[in-house]
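To keep things clear, I will list the structure first and then write my remarks on it.
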């Protein structure tokens with residue numbers, strides 16, 4: 001063996017060093033406090049320790065009517081004065097009323113002025129000047145904190161939008177306005193608050209049931225490992241258990257849906273449709289409808305029919321796949337350490353994700369405070385221009401635009417570094433994709449090398465290397481880092497293009513140009529297909545690299561043409577095996593999911609008292625099901641790689657050898673029988 005794709009290896013190492021440098025620069029310039037704490041009009045953080053705002057953790061908006069939407073509020077771009085306060089207003093009040101009564105009602109003045117600019121305590125100043133200089137808000141509205149910002153305390157009473165059970169309020173400028181006038185400023189607030197309510201309940205469910213979720217995932221791991229061990233000896237029996245298990249689980253689901261459908265018959269309101277009740281945050285409402293259970297039953301019936309038909313038409317190919325699984329089981333039985341290699345891949349990917357996320361946050365918060373002129377007059381030519389708060393009062397802006405202020409707008413900058421932050425974010429995303437694909441490629445090449453050493457051993461297991469997995473890992477790192485990086489680079493480029501297309505599609509969703517939307521749809525489809533094809537080619541190229549140690553392009557070409565010469569076998573063996581492993585994942589996830597369903601719904605008498613009281617039992621249930629599927633996928637992916645490697649070695653063996661004494665087959669006797677390949681008897685002289 002020799003080093004392959006050295007140039008790409010050097011580039012890869014340089015990019016990693018550059019990525020580390022980018023992270024260091026972002027760490028130096030970034031400030032995550034900009035994400036954690038809201039910022040007032042003076043560029044100061046709300047709630048930051050050891051500052052004047054330490055006890056003022058919430059951001060208050062002087063005139064929320066100037067804000068177009070909640071997104072504007074969250075992005076701190078609302079054109080009104082913003083102050084840090086210790087709590088949100090809990091009553092209606094206007095500056096005019098409070099100023100008029102400050103002599104005989106000092107408590108009202110003291111309460112109101114906590115929402116004025118710090119240090120302002122001059123009730124004798126004229127109302128016009130106060131509102132012009134925005135020393136105090138013209139009004140305060142009962143609010144509650146959300147995302148550390150004061151939002152109007154909206155509620156719906158008998159279908160009417162109210163704030164603190166009132167439908168009207170004084171705007172502090174001599175007008176009485178309806179609460180509905182706040183709709184535009186707080187567009188979507190009710191939905192956001194409902195989402196927050198659901199989110200809090202989900203968080204509570206996780207806090208109560210997290211250890212039961214871990215127990216469920218541990219059971220999934222044990223079941224997956226037990227299946228892999230038993231598969232070596234009883235692949236055929238376990239397969240049919242899988243088949244009948246999946247069919248039985250779906251059958252039970254059909255029966256349960258029918259039982260719920262029949263049980264709801266005659267109950268008032270159960271005949272309503274989903275369209276009639278609309279969107280509800282309490283998803284249990286939908287389970288009270290007969291239509292919901294009917295839809296579930298139809299879907300499960302369709303899945304059941306599809307599985308049965310596939311079993312009927314693929315019965316002969318299934319027999320071949322079972323035999324290949326047995327051979328794979330035997331290989332893994334000799335190299336048991338391969339079962340735990342996915343943990344290494346998981347750790348590498350977790351490191352990549354963590355580094356990318358931290359770097360992205362620091363890059364996003366690398367900007368310096370940018371201040372802009374905020375003027376009450378719409379015709380002020382200085383409005384929205386950048387300004388310096390330290391020298392603003394010495395300029396003539398306040399003379400030409402009375403009441404204008406230099407307030408904090410957002411974080412940015414004019415330096416070379418700040419101008420290219422977007423480019424740095426793209427580079428961060430691209431290198432992240434490259435590293436993740438490299439970690440996956442390293443795992444595939446390592447496993448392929450270990451299983452190839454099993455296949456090409458003349459005497460099994462005597463000729464298998466002592467530490468095949470570690471030896472394969474060492475070869476992949478020492479000789480083929482460049483080739484793995486090359487394959488990962490190609491895939492990362494395609495994935496980055498897909499991300500950009502998704503971003504453009506999101507931005508152009510509201511456009512009326514049908515041709516643009518059609519073109520984007522076609523490009524997204526094409527690059528999706530290209531990504532799937534490249535993943536298939538890369539996977540088999542890594543197997544050839546592990547076997548022969550050639551560079552990426554040569555290995556990809558040889559793997560592709562080898563598969564094309566055996567395209568029927570690819571379809572019969574490879575894909576049917578993938579289907580069987582998928583059924584295994586479904587059975588593990590479904591079996592653990594059914595067990596979790598009975599537990600969390602307190603239908604297991606023995607554990608009824610142990611089951612936690614939940615707001616939504618489907619929260620831990622879905623977590624257990626998805627987590628169990630991912631756990632099973634991690635273990636079964638080793639099997640899939642084993643089968644793919646053995647199959648490619650098998651095809652290569654058939655082309656290079658003929659079974660004679662001079663060129664004997666390396667395949668086992670069982671593999672001979674799988675495809676009807678007989679050992680050629682040696683010719684007599």
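Residue numbers (the numbering used here): 1 to 685. For each residue, glycine too, the CB sits at the ideal point set by N, CA and C. Note that the structure is predicted; figures quoted are calculated from it, not measured.
Measure the alpha-carbon distance for residue 308 versus residue 156 and round it to whole angstroms.
Stepping through the chain shown from its first residue, residue 308 is reached at position 308. Stepping through the chain shown from its first residue, residue 156 is reached at position 156. Going from the Cα of residue 308 to the Cα of residue 156 covers about 51 Å.
Given 8 Å, three or more beta-carbon pairs between the segment 114-121 and the segment 134-141
Touching, yes, given that three or more Cβ pairs across the two stretches are closer than 8 Å.
Give, in chain order, every unbroken run of the alpha helix (DSSP H) that is at least 4 residues long and sits entirely within the segment 381-436.
397-400 and 416-419
Backbone secondary structure at residue 552 - three-state DSSP
Position 552 of the chain shown, counted from the first residue, corresponds to residue 552. Three-state DSSP puts residue 552 in a helix.
By a C-beta neighbour count over all protein chains shown, 10 Å radius and 16 as the cutoff for buried, is residue 695 buried or exposed?
Any answer about residue 695 is impossible in this case: the structure gives the chain only from 1 up to 685.
7 Å CB neighbourhood of residue 123 in its chain, flanking five on each side removed
Walking along the chain shown from the start, residue 123 turns up at place 123. If you ignore the 5 residues before and after residue 123, its C-beta comes within less than 7 Å of the C-beta of 99, 102 and 109, all in its own chain and listed in chain order.
Run through DSSP, which three-state label would residue 533 get?
Walking along the chain shown from the start, residue 533 turns up at place 533. In this structure, residue 533 counts as helix in the three-state DSSP scheme.
Quick one, are the C-beta atoms of residue 667 and residue 455 less than 9 Å apart?
In the chain shown, counting from the first residue as 1, residue 667 sits at position 667. In the chain shown, counting from the first residue as 1, residue 455 sits at position 455. It is a contact, given that the beta carbons lie within the stated cut-off.
Which of helix, strand or coil DSSP assigns to residue 587
Taking the chain shown and counting its residues from 1, the one referred to as residue 587 is at position 587. Residue 587: helix per DSSP, three-state reduction.
Return the chain-ordered ranges of every alpha helix (DSSP H) run that is complete within the segment 23-48 and spans a minimum of 4 residues.
33-36
So, residue 82 versus residue 40, is the Cβ gap smaller than 9 Å?
Your numbering for residue 82 matches position 82 in the chain shown. Your numbering for residue 40 matches position 40 in the chain shown. For residue 82 and residue 40, yes; Cβs fall inside 9 Å.
By a C-beta neighbour count over all protein chains shown, 10 Å radius and 16 as the cutoff for buried, is residue 18 buried or exposed?
Position 18 of the chain shown, counting from 1, holds the residue named residue 18. Residue 18 is exposed by the Cβ-count criterion.
Tell me residue 149's beta-bridge partners as DSSP assigns them.
Translated into positions along the chain shown, residue 149 becomes position 149. In the DSSP output, where bridge partners are listed per residue, residue 149 has 59 and 146.
Rank 497, 253, 270 and 131 by C-alpha distance to the C-alpha of residue 62 and give the top, closest one.
As a position in the chain shown, residue 62 is number 62, starting the count at 1. Selected option, being the one with the closest Cα: 131.
Segment contact, 8 Å Cβ cut-off, at least three pairs: the segment 276-295 with the segment 622-633
no
Assign residue 601 to one of three DSSP states: helix, strand, or coil.
By one-based count along the chain shown, residue 601 stands at place 601. Residue state, collapsed to three classes: coil.
Taking the alpha-carbon positions, what's the residue 250 to residue 237 distance?
For the purposes of this step, residue 250 is taken as the residue at position 250 of the chain shown. For the purposes of this step, residue 237 is taken as the residue at position 237 of the chain shown. Rounded to the nearest angstrom, the two C-alpha atoms are 20 Å apart.
List the whole-angstrom C-beta distance separating residue 408 from residue 371, where the pair is believed to meet the contact cut-off of C-beta under 8 Å.
As a first step, residue 408 must be located in the chain shown, where it is residue number 408. As a first step, residue 371 must be located in the chain shown, where it is residue number 371. Sure, about 6 Å apart at Cβ, within 8 Å.
Tell me which residue opens and which closes the alpha helix (DSSP H) that residue 655 is part of.
Along the chain shown, one-based indexing puts residue 655 at 655. Run containing residue 655: 618-656, per the alpha helix (DSSP H) assignment.
Residue interval of the beta strand (DSSP E) (run including residue 177):
Your numbering for residue 177 matches position 177 in the chain shown. Run containing residue 177: 176-178, per the beta strand (DSSP E) assignment.
With a Cβ-Cβ cutoff of 9 Å, do residue 691 and residue 543 count as a contact?
This structure gives no information on residue 691, because the portion of the chain shown stretches from 1 to 685.
So, under 8 Å CB-CB, residue 540 and residue 648 are touching, yes? Tell me the CB distance rounded to an integer number of Å.
By one-based count along the chain shown, residue 540 stands at place 540. By one-based count along the chain shown, residue 648 stands at place 648. So it is a contact: roughly 6 Å between Cβ atoms.
So, helix, strand or coil for residue 461, using DSSP?
Within the chain shown, residue 461 is the residue found at index 461, counting from 1. Looking at residue 461 - three-state DSSP - the assignment turns out to be coil, as it is neither helix nor strand.
From residue 621 to residue 212, what does the alpha carbon distance come to, in whole angstroms?
For the purposes of this step, residue 621 is identified with residue 621 of the chain shown, where counting begins at 1. For the purposes of this step, residue 212 is identified with residue 212 of the chain shown, where counting begins at 1. Rounded to the nearest angstrom, the two C-alpha atoms are 10 Å apart.
Measure the CB-CB distance between residue 150 and residue 244 and report whether it falls below 9 Å.
By one-based count along the chain shown, residue 150 stands at place 150. By one-based count along the chain shown, residue 244 stands at place 244. Cβ atoms of residue 150 and residue 244: not closer than 9 Å.
Residue closest to residue 141, alpha-carbon to alpha-carbon, out of 480, 635 and 178
Locating residue 141 in the chain shown gives position 141, where the first residue counts as 1. The shortest C-alpha separation from residue 141 is found at 178.
Enclosing beta strand (DSSP E) for residue 369 [first to last residue]:
For this step, residue 369 is matched to residue 369 along the chain shown. Taken as a continuous stretch (DSSP letters only), the beta strand (DSSP E) holding residue 369 covers 368-374.
Which residues in the same chain as residue 221 place their Cβ atom closer than 6 Å to its Cβ, once the five residues preceding and following it in sequence are excluded?
Stepping through the chain shown from its first residue, residue 221 is reached at position 221. Once the five neighbours on either side are set aside, the close Cβ partners of residue 221 are 631.
Residues in its own chain within less than 8 Å of residue 692 by CB, not counting five upstream and five downstream?
Shown here, the chain extends from 1 to 685; a query on residue 692 therefore has no answer.
What did DSSP end up calling residue 301 once you bin it into helix, strand or coil?
Here residue 301 refers to the residue found at position 301 of the chain shown. In the structure shown, residue 301 sits in a helix (DSSP, three-state: H, G or I).
Using the Cβ count rule (16 or more neighbours within 10 Å means buried), how would you classify residue 327?
Along the chain shown, read from residue 1 onward, the residue named residue 327 stands at position 327. Counting Cβ neighbours within 10 Å, residue 327 comes out buried, since at least 16 surround it.
Report the rounded CA-to-CA distance for residue 470 versus residue 448, giving the unit in angstroms.
Against the chain shown, residue 470 aligns to sequence position 470. Against the chain shown, residue 448 aligns to sequence position 448. Roughly 12 Å between the two C-alpha positions.
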